[in-house]
Each structure stands twice: as structure tokens, then as C-alpha cells.
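There are 2 protein chains.
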Amino acid sequence: MKIFETSKAPNPRRVRIFLAEKGIDMDYVEVDLAAGENLTAEMRAKNPTTKIPFLELDDGTCIGESIAICRYFEEMNPESPLMGRTPLEKAQVEMWQRRVEFHCMLPIGMCFQHTSGYFKDRMTPVVEWGKISGENALAYFAELNEHFKESTYLVEDYFSIADIILLCAIDFARVVKVRPSDEYVHLLSWYKKVSARPSYTA
Amino acid sequence: MKIFETSKAPNPRRVRIFLAEKGIDMDYVEVDLAAGENLTAEMRAKNPTTKIPFLELDDGTCIGESIAICRYFEEMNPESPLMGRTPLEKAQVEMWQRRVEFHCMLPIGMCFQHTSGYFKDRMTPVVEWGKISGENALAYFAELNEHFKESTYLVEDYFSIADIILLCAIDFARVVKVRPSDEYVHLLSWYKKVSARPSYTA
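So the protein lines, in turn, are chains U and W.
Just so you know, we're using the working numbering here: the first sequence kicks off at 1 and counts up by one.
Just so you know, we're using the working numbering here: the second sequence kicks off at 203 and counts up by one.
Dropping the structure here:
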């Protein structure tokens, strides 16, 4: 079993942190996207979307999408659950996963795609939209700061995959110079806590 | 227990179809967004994001986000599972959920938000981005058509929540005149099958 990934990209990092938290060892295969290693016929046969990361099981079955890979290991290795322990908590984790995905990682990713020019050969960047997206992410940091006034993690005192998604998004946001302001003390206190976990460097 | 929603919006419809497929009866409370009924102090206390749908449990706990609500009922009522029956299938459902969410519903929603002017008092529409988003959704229909050449539903022969998300996205896309071309016979054949299910009118 192995995971094909690009170690510097934000979404593979979610999976590495998730597996480190669960104590699961994994073989990682580095894919050089700039050199087009994800576009070869052999790689497309495994992973038609060409996006990373993807997991290849020993029987050759491949699963794409970072959170789908996490779901597989959550179900196969239910100890140290990171996606909720009760039906209500599973719903609350999913609620926060979606909020930080759509209101934080998505605008940060859009800001990167539309202002950096990194993917300009495979898309039409709209710089104005990229800038608005960066501002939307910053505005969401203010909402998160309010949330962490009352709550240790995104779901009360339970560290979950939602925190991992947010952590990876905030770290990636530095690339486009989007950073939580110093006045967001509750958000920064959460950040200090989650980035001190041993999984942070996975 | 009740769900606050707006019956014409695409995301509440996902939940209604999901619950109909599982045979779960529900009380629905219609919220008039245009009249700002979601913005009252009473409603914000239940649902700070002001987005619909949200579920209110009998003890007053509220859960937002359509898919988080579905997750709650999948866990509480595991019969007729729609989010996968095995660890691998759960991962495959999640993979397809994310693909149709990010490559279909998201661009259709962006096209609506940025070209219709519907939310122009609470965002800055970027018409160029809206148009590109509509084209991106159309391009993804071509990929889906290829997929349905080999597969009855998104996850092989298993009807799942991923099909519900795609169905609601395609129906909503009519609002912005984004429709699968007649030549996409495999996608249209899938559409005919899923829209013939009794849950379609939920």
C-alpha cells in the first residue's frame, strides 16, 4: 500500500498528519508535478484525474481525494478516531470540515491559483477574483477567532480532522501572504496548540 | 426534531432526497431568506452562520451543512446506507462526493452567484469568473459522461449520496442555463435513472 503525493502541497499534508495522529506507517511516493510525472499513461491508468494525493492499495485499487483517503483509514483503523466518536460528533466534525474547507481552504486556494500565475498554462486566472478570495479568507479568520473564544478545538474539546484541514490551510495561506492578524488571540492560541503536536512535522 | 430550510434552494433538497431514500419522516420549517427570516436574533442563536439547511434536535442542539445533517442520520439510522457499506466503499463514496461537490456544484454555484446578481448586496460579483465557472461545469459534464460509460452510478452499481449531490447540482444548473449536451448519452442515461426514483420529488 502506498500514497502518491507531492510533499510541499497542502492536501497531501492533511493525510500525513492524519496518519501520524493515528500511528499508521505509510510508504510515500513523491510525484513531480512540474515535470508532469502525474500525466504519464501509467499514472493516468491509476489516477485518471491526475490530482494528488492518491492511495494505491495492494490489489491495485486507487482512491483519490485527501479526505476520502482519511475516511478509508478511519474505517479500517477505528482506534484514535479523528472523524467523531458518536453520531452527533461525527456530524459536528463533518460540519466543521465543510466550513473550513469552503470558507478557508477554498478561498486560499483560489487566491493562490488566480494571483500567483502558478497554473496559468492550464486555467484562466482572474486576478480580481483571486484578491477577493484572499480577503474572504481573512474575513473568515475573524469568525474563527470568535469561535475559539468559547471552544478549544473546532468541535469543542475534541481534536479532529477539521482542525487538521484548518491547520494545513493556514500554513499554506502564507504563500499568498494571508495571515491571521495578531489581534486574533483565540485563533492564534488554537494554532499554537495544534502546531505543537508531534504530527505537525509529518 | 426539525429542519429549517428553503424548499427552492439546491442544498436543502439533498437532505430531503437523502431522508426520503432512507424512509425517514421529518418536519420542515420554511425560512424566507429574501425577507431576512434567517437573520433574526432568535435564528442567529440557533444558527450563527445564517445558512440553510440546519437541523434542530429535540434538545436544542443545531447542526448546519447539508452533508453533516445526512451524516447524522446515516449514523443514527444505518439501514439503507447511502454513504457506503464497507470501508473501501465509504472512501469511494467520499471521493465522488468531493469530486461532484468541487467540480460540479461549486462552479455552478459560482456561476449563479457571479452572473445572476442575486446576492449582489452581500458580495462583489466578478462576472468573468462566473462565466468561466459555468464553462468549467460544462467541461466536467464531459468527464462524467465518460465515467458513466462504464459505471451505473458514481460508485459502480451502488446508488449513494454522491449521486444525490450530482442530481441536485444538474437540476440547479438550469437556472444559469448550464445543461448537459444531448451528445452526453451516458450522463443523460444516468440522469434518467436517478430522476425516476420516488425520492426525486421530495
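Even glycine gets a Cβ: it sits at the ideal position worked out from N, Cα and C.
As the structure is a computational prediction, the values presented were derived from the model and not from experiment.
| Check | Outcome |
| --- | --- |
| Against chain U: residues of the region 263-279 of chain W by CB proximity under 8 Å | Thr263, Ile265, Gly266, Glu267, Ile269, Ala270, Ile271, Arg273, Tyr274, Glu277, Met278 |
| Cβ-Cβ separation, Leu55 (chain U) to Ile67 (chain U) (assumed contact under 8 Å), whole Å | With 8 Å as the limit, Ile67 (chain U) and Leu55 (chain U) do not qualify as a contact, their Cβ atoms being about 12 Å apart. |
| Distance between beta carbons of Phe374 (chain W) and Lys334 (chain W), contact taken as under 8 Å | A small correction: the amino acid at residue 334 (chain W) is Ile; Lys does not occupy that position in the sequence shown. That pair is no contact at about 18 Å. |
| Cutoff 8 Å: Arg14 (chain U) Cβ touching any chain W Cβ | no |
| Members of the region 120-146 of chain U that neighbour chain W once the beta carbon cut-off is set at 7 Å | Thr124, Val126, Glu128, Trp129, Ile132 |
| At least 3 beta-carbon pairs within less than 8 Å: the region 28-36 of chain U vs the region 216-229 of chain W | no |
| Host beta strand (DSSP E) of Tyr230 (chain W) (start-end) | 229-232 |
| Per-residue contacts from Arg381 (chain W) into chain U (C-beta, under 9 Å) | Neighbours of Arg381 (chain W) on chain U: none; closest Cβ ~22 Å, over 9 Å. |
| Same chain, Cβ closer than 6 Å to Leu346 (chain W), neighbours up to 5 away in sequence not counted | Leu389 |
| Glu258 (chain W), enclosing beta strand (DSSP E) - first and last residue | 256-258 |
| Classification of Phe112 (chain U) by the beta-carbon crowding that lies within 10 angstroms, buried from 16 upward | buried |
| Cutoff 8 Å: Arg98 (chain U) Cβ touching any chain W Cβ | yes |
| 8 Å Cβ cutoff met for Phe206 (chain W) and Ile254 (chain W) | yes |
| Separation of Lys351 (chain W) from Val178 (chain U), as counted between CA atoms | 43 Å |
| Separation of Ala91 (chain U) from Ala162 (chain U), as counted between CA atoms | 11 Å |
| Residues that Lys90 (chain U) contacts on chain W, provided the C-beta gap is smaller than 8 Å | Arg273, Tyr274, Glu277 |
| For Glu65 (chain U) and Arg216 (chain W), believed in contact at Cβ under 8 Å, the rounded distance | About 19 Å; that fails the 8 Å criterion. |
| Length of the line joining the Cα atoms of Leu368 (chain W) and Ala339 (chain W) | 11 Å |
| Any chain U beta carbon closer than 8 Å to Glu296 (chain W) | yes |
| Backbone secondary structure at Val357 (chain W) - three-state DSSP | strand |
| Distance between Val378 (chain W) and Pro327 (chain W) (C-alpha atoms, nearest Å) | 15 Å |
| Proximity of Cys306 (chain W) and Tyr342 (chain W) at Cβ, strictly below 8 Å | yes |
| Option nearest Arg122 (chain U) by Cα separation, candidates U:Glu128, U:Trp129, U:His114 | U:His114 |
| Under 8 Å from the C-beta of Pro212 (chain W): neighbouring residues of chain U | The contacting residues do not exist; Pro212 (chain W) stays about 14 Å from chain U at best. |
| Within chain W, the residues that Pro87 (chain U) reaches when beta carbons sit closer than 7 Å | Tyr274, Glu277, Met278 |
| C-beta contact flag for Val233 (chain W) and Thr208 (chain W) at 8 Å | yes |
| Selected residue, minimal CA-CA separation from Arg273 (chain W), among W:Ala211, W:Gly336, W:Glu296 | W:Glu296 |
| Rounded straight-line distance, which links the Cα of Ile226 (chain W) to that of Glu281 (chain W) | 11 Å |
| Residue range of the unbroken alpha helix (DSSP H) whose run includes Glu345 (chain W) | 329-352 |
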